[in-house]
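Once you know that position 92 of the sequence shown is 1075 in the numbering used here, the rest is easy, because the numbers rise by one and skip nothing. By construction, the Cβ of each residue, glycine as well, lies at the ideal position given by its N, Cα and C atoms. All values derive from a computational prediction rather than experimental measurement. Notes to accompany the following structure.
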Amino acid sequence: MERKIFPQWSIGNASLLLRSPLRHGIWWIFFWVAIGNAQPLDTVLTQVKFHGLRLFPRQEVLQILEIREKEKLSSPISAKRFDSLLNAYREKGRYFARIDSFRSSFEPPRVQPKSRIVQEATLEVWITEGPPLIVRTIEWEGVEASYREALFPVLWLRPGKAFSEFWLQKDIEQILSYYENRGYPFAKVGIQNLQIEHDSVSQKSMGIHIVCRVDQGPFIRLGSIGAEGNTFTRTQVIVRETRLKLGAPYSQREIDSALRALKQLGFFQKVLEPRMTFSENKAHVIFPIQEGNTTTLDGVIGYVPSTTRSEKGYFTGKLELGFTNLFGTGRFLEAFWEKKDRRTQSLRFRYEEPWLFGQPIFGRFRLGQEIRDTLYVDRFFELGFKWSPWPIFSCGIETGKKEILPDSVGSAFFRIPRSTTTFLTVHFEYNTLDDPLNPQRGIRYFTSLTSGTKRHIGPDWLLSQEKFRPRVWTRQARMDVEWAIPLFFRQILDFKISGVEVKTGDPYPSLADQIRLGGASTLRGYREEAFYGTLVAWSNLEYRYLLGGASRVFLFLDHGFYQRKERSNQMIKHFKMGYGFGISLETRLGLLGVEYGLGEGDGILQGKIHVRLRNTF
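This is the structure we're talking about:
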């Protein structure tokens, strides 16, 4: 047996230890050399005893020391191992804690099966936790009276609390952040005095008096805002989107918000950290950017030949043209056409005008038509406005009209009435995602509520048979949440959840009123729009490895739910699950995404391949 006792040196009342594991290390060297020519020796730590331990639970100390009982000891116990424990004590305000000594006891080696030699060891540790270091007084010199009322309540260290270097540093950072967001980017905080005193009454604690000096520096205003690297987007458009105002007090928070806003636009391939210069108490901010491709063109065409003499062949295809930064002004324009088969066709048009009247108000117009299996035609148009007072928040209102025009088959067999709905929608969005295509952190929340009046027009025989009322109220609620969580280097966990519910005053919901589920954008591993219902929800969980830019590889797990009421009053409810893997790559053709998804009951070779191509130029 051997007990290690360390010599001490002290300054004032603070005692520190000289950790010298020399004798202990020599003992281990001798031991290993002695048995080195014999069979391998495994040292198992069977028990650890702590003397004087009160502040921490025993199991927590073992985790701090990275020691596990009843397991093989990977390295000798040396004094250096206890540094992490002393750091833990300092974080709790115990700056006078010390490890007085420790002792390792070894049992004679025993031979176990397979010629394995095992030696059991016991470790005893003597700890003096020392008195806590309590803040007696703390003064922040140089802070204006108007700032004290707002700033001091949020600081951690105050009289009566245990002192911690960590929290003192946090308080200093809090003060510097407070000043740099109010026009003082050159503010400095210096520690003028630290004085330690004994508690002469109880002798159970020690006190510290802290004096810090705040030098706020010169008051700075924004003198100019500019951009470099933009060859297509107008500079005034970039400056407008930053929401920064000339002459306003310097604020690092607002500059960071401006950087995030430019990244979220989707105009640019890369937005770098702003470059700042200062002169005559003014800040000059330049945002370096790299222009991206803002025009999207997706086109696919196919021909399906006739299978009988009585039928003619037909064309299928898709054409999507989008301008996310029309003429470098920030305007948005989209035209879309798609024909999936002989009986289905979609057509829509959308336009957005930004910054009406020089304010963050966006005007929107959208119209479209969809033919579904020749059963009915769905036509709509919308006109709305969105107000975005901050880059991360927006709210809006839209009004429009929707018309359902069924053919004779849709009315006779699927009981779809002809109807016209006038509606009003309000929506809210909160978005802190740092990138629209490949976010690494942040959260996005979107919700919308739609209320409308639905008027049934005919046919009269269907309205009479199914007892459709001439006029009913309709409701639709939608919610979308996305959360990007950084895990490790280049590894992101991205979680999305969405839900839509539709309610009408009809005896049963018609096919035209229900929400579709399935496919690449909702529930992977299933056909596009394979399911439908009046209550639909889905979630997408992806474990991503980022390859750079908008490229990534990922594993995904999707869940979906749909519910609807049949004409027979039967309630249909189903849960679905899909899983698989995918890759998204930036290529010369654009952003290519390929996903392989398996649905419930699918074999490994029965999955669905979802391919997306976004071509930009």
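Sheet register partners of I1179 (DSSP bridge): In the sequence shown, counting from the first residue as 1, residue 1179 sits at position 196. Answer is I1191.
- prompt: On the three-state DSSP scale, how would you describe G1590?
  reply: Indexing the sequence shown from 1 puts residue 1590 at position 607. Coil, per DSSP.
- prompt: Do T1403 and T1433 come within 8 Å of each other at the CB atom, strictly closer than that value?
  reply: Residue mapping note: residue 1433 aligns to position 450 of the sequence shown, counting from 1. Residue mapping note: residue 1403 aligns to position 420 of the sequence shown, counting from 1. Taking 8 Å as the Cβ cut-off, T1433 and T1403 do not qualify as a contacting pair.
field: CB of Y1072 within 8 Å of CB of A1080, strictly
entry: As a position in the sequence shown, residue 1072 is number 89, starting the count at 1. As a position in the sequence shown, residue 1080 is number 97, starting the count at 1. Yes; because the gap between Cβ atoms is below 8 Å, this pair is in contact.
Best match in Q1178, M1259 and I1344 for proximity to I1203 [C-alpha to C-alpha]: In the sequence shown, residue 1203 corresponds to position 220, counting from 1. Among Q1178, M1259 and I1344, the Cα nearest to that of I1203 belongs to M1259.
query: Would F1340 be called buried (16 or more neighbouring beta carbons within 10 Å of its own) or exposed?
result: Here the question's residue 1340 lines up with position 357 in the sequence shown. Exposed, by the Cβ-count rule.
query: Would you call Q1247 buried or exposed, if buried means 16 or more other Cβ atoms sit within 10 Å of its Cβ?
result: As a working mapping, residue 1247 is identified with position 264 in the sequence shown. It counts as buried.
query: Which ranges would you report for the alpha helix (DSSP H) in the region 1035-1117 if only whole runs of at least 4 residues count?
result: 1041-1048 and 1066-1074
field: For T1307 and E1583, the rounded distance between their alpha carbons
entry: Reading the sequence shown from its first residue, position 600 is the one you call residue 1583. Reading the sequence shown from its first residue, position 324 is the one you call residue 1307. C-alpha separation (whole angstroms): 38 Å.
Cβ-Cβ distance between K1591 and G1580 below 8 Å: As a first step, residue 1591 is located in the sequence shown; it is residue number 608 there, counting from the start. As a first step, residue 1580 is located in the sequence shown; it is residue number 597 there, counting from the start. Taking 8 Å as the Cβ cut-off, K1591 and G1580 qualify as a contacting pair.
field: Neighbourhood of T1120 by C-beta distance below 8 Å, restricted to the same chain and skipping five residues each side
entry: As a first step, residue 1120 must be located in the sequence shown, where it is residue number 137. So the qualifying residues of the chain are P1142, H1192 and I1193.
query: Who are the near neighbours of R1461 in its chain, counting only those whose CB is closer than 6 Å to its CB and skipping five residues on each side?
result: As a position in the sequence shown, residue 1461 is number 478, starting the count at 1. Result list for R1461: S1431 and V1483, in chain order.
- prompt: Hey, is Q1152's beta-carbon within less than 8 Å of any beta-carbon in chain B?
  reply: Note that chain B does not occur in the displayed structure, where there is just one protein chain.
Neighbour-count burial assignment, I1158, 16 or more Cβ in a 10 Å radius: Translated into the one-based positions of the sequence shown, residue 1158 becomes position 175. It counts as buried.
query: So L1606 packs on G1076, CB below 8 Å; how close in whole Å?
result: Given that the chain is displayed from residue 984 to residue 1600, the structure contains no residue 1606 and the question cannot be resolved.
field: Burial state of T1026, where buried means 16 or more other Cβ atoms lie within 10 Å
entry: If you number the sequence shown from 1, residue 1026 lands on position 43. Result: buried.
message: With H, G and I counted as helix, E and B as strand and the rest as coil, what does DSSP make of E1449?
response: Taking the first residue of the sequence shown as position 1, residue 1449 is located at position 466. It is helical.
message: Output needed for R1499: all residues of its chain with C-beta closer than 6 Å, excluding positions within five of it in sequence on either side, in chain order.
response: Position 516 of the sequence shown, counted from the first residue, corresponds to residue 1499. So the list reads E1512 and Y1515, once near-sequence residues are dropped.
- prompt: In terms of residues, what are the limits of the beta strand (DSSP E) holding E1335?
  reply: Position 352 of the sequence shown, counted from the start, is the residue given in the question as residue 1335. T1327 to E1336 is the extent of the beta strand (DSSP E) around E1335.
task: Could you tell me if S1234 is buried or exposed, where buried requires 16 or more neighbouring beta carbons within 10 angstroms of its beta carbon?
output: Position 251 of the sequence shown holds residue 1234. S1234 is buried by the Cβ-count criterion.
message: Could you tell me the alpha carbon to alpha carbon distance between L1529 and G1206, rounded to whole angstroms?
response: Sequence index remark: in the sequence shown, residue 1529 carries index 546 (1-based). Sequence index remark: in the sequence shown, residue 1206 carries index 223 (1-based). So the alpha carbons of these two residues sit roughly 38 Å apart.
- prompt: Taking the alpha-carbon positions, what's the F1315 to I1221 distance?
  reply: To locate residue 1315, count along the sequence shown from 1; it is residue 332. To locate residue 1221, count along the sequence shown from 1; it is residue 238. Between F1315 and I1221, the C-alpha separation is close to 15 Å.
query: What are the complete alpha helix (DSSP H) segments, minimum 4 residues, inside the region 1400-1484?
result: 1443-1449
Own chain, CB closer than 7 Å to R1217, minus 5 neighbours either side, in chain order: Along the sequence shown, read from residue 1 onward, the residue named residue 1217 stands at position 234. Excluding positions up to five away in sequence, the list reads G1311 and T1312.
- request: Compute the Euclidean distance between the alpha carbons of A1626 and R1550, then round it to the nearest angstrom.
  value: The displayed coordinates of the chain run from 984 to 1600. Any statement about residue 1626 would go beyond what the structure contains.
- prompt: In this structure, does DSSP put L1151 in helix, strand or coil?
  reply: As a working note, residue 1151 is residue 168 in the sequence shown. Residue state, collapsed to three classes: helix.
- request: Can you say whether H1093 is buried or exposed, counting buried as having 16 or more other CB atoms within 10 angstroms of its CB?
  value: The residue you call residue 1093 lines up with position 110 of the sequence shown. For the sequence presented, residue 1093 should be read as Arg rather than His. By the 10 Å Cβ count, R1093 comes out exposed.
task: Could you check how far apart the C-beta atoms of S1160 and E1074 are, in whole angstroms? I think they sit under 8 Å.
output: To locate residue 1160, count along the sequence shown from 1; it is residue 177. To locate residue 1074, count along the sequence shown from 1; it is residue 91. Contact flag wrong, Cβ pair sits at about 22 Å.
query: Does the distance from the CB of F1406 to the CB of G1379 come in under 8 Å?
result: Mapped onto the sequence shown, residue 1406 falls at position 423. Mapped onto the sequence shown, residue 1379 falls at position 396. It is not a contact, given that the beta carbons lie outside the stated cut-off.
field: Bounding residues of the alpha helix (DSSP H) (the contiguous stretch that carries I1221)
entry: Mapped onto the sequence shown, residue 1221 falls at position 238. Segment T1218 to T1225, the alpha helix (DSSP H) holding I1221.
- prompt: Among A1266, R1325, L1068 and T1277, which has the Cα closest to the Cα of E1294?
  reply: Taking the sequence shown and counting its residues from 1, one reaches residue 1294 at position 311. Checked all of A1266, R1325, L1068 and T1277; the closest Cα to E1294 is R1325.
- request: Can you tell me which of the three DSSP states R1243 falls into?
  value: Taking the first residue of the sequence shown as position 1, residue 1243 is located at position 260. DSSP places R1243 in helix when its eight states are reduced to three.
- prompt: Taking DSSP as the reference, what is the three-state secondary structure of Q1199?
  reply: For the purposes of this step, residue 1199 is identified with residue 216 of the sequence shown, where counting begins at 1. Three-state DSSP puts Q1199 in coil, outside helix and strand.
message: Taking the beta carbon of D1066 as the centre, do at least 16 other beta carbons fall within 10 Å, making it buried, or is it exposed?
response: If you number the sequence shown from 1, residue 1066 lands on position 83. So D1066 ends up on the exposed side.
query: Going by DSSP, which residues form a beta bridge with P955?
result: Lying outside 984 to 1600, the shown extent of the chain, residue 955 is not represented and no answer is given.
query: Can you tell me the Cα-Cα spacing of L1596 and G1573, whole angstroms?
result: If you number the sequence shown from 1, residue 1596 lands on position 613. If you number the sequence shown from 1, residue 1573 lands on position 590. Those two C-alpha atoms are separated by around 7 Å.
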